[in-house]
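Peer 1: Right, I'll just put the structure down here and ask away after.
Rendered as structure tokens:
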């Protein structure tokens, strides 16, 4: 997945880029770019020496994008469903009369816990490097 962006900041071997709305964004409401037309700011690896003000092309590989999507959406969904299942199983031995609300809240608790684990796990330097965009060329 490649996008055009403008370099707006520089920090060691990484640059902050501002991604402008492209034709692929039309009709998509997935992020602030598609929703509000606001530019999206991300950090990218700068292995080719881009400088502030230059227009660049950044890339995030499809495998990395799909992996990040699975981590961000799949794991919390599975945790939510597991929480619901465990809520139904645990409610009977604990003599809980409101089984459905209890199961729902168990699902929310496990999903929240999974978000916390993901947040703590992805804060590590080697993980954030793996899921970063990289500049492929200066335009």
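Numbering (the working numbering), first residue to last: 130 to 268. Backbone N, C-alpha and C define an ideal beta-carbon position, used for all residues, glycine too.
Assuming residue 133 and residue 184 are in contact, meaning their beta carbons sit under 8 Å apart, how far apart are those beta carbons, in whole angstroms?
Peer 2: Mapped onto the chain shown, residue 133 falls at position 4. Mapped onto the chain shown, residue 184 falls at position 55. Residue 133 to residue 184, Cβ: 6 Å. Contact.
Peer 1: Going by alpha carbons, who is nearest to residue 219 out of 231, 209, 208?
Peer 2: As a first step, residue 219 must be located in the chain shown, where it is residue number 90. Checking every option, the nearest Cα to that of residue 219 belongs to 231.
Peer 1: So, helix, strand or coil for residue 252, using DSSP?
Peer 2: Taking the first residue of the chain shown as position 1, residue 252 is located at position 123. Residue state, collapsed to three classes: coil.
Peer 1: Examine the Cβ distances between the stretch 195 to 215 and the stretch 240 to 253 and report whether three or more of them are shorter than 8 Å.
Peer 2: At 8 Å Cβ cutoff, the stretches touch.
Peer 1: Could you check if residue 176 is buried or exposed, using at least 16 other CB atoms within 10 Å of its CB as the buried criterion?
Peer 2: The residue you call residue 176 lines up with position 47 of the chain shown. Answer is exposed; the Cβ neighbour count stays below 16.
Peer 1: Can you give me the start and stop residues for the alpha helix (DSSP H) that residue 226 sits inside?
Peer 2: Walking along the chain shown from the start, residue 226 turns up at place 97. Neither: residue 226 is in no alpha helix (DSSP H) and is coded neither H nor E.
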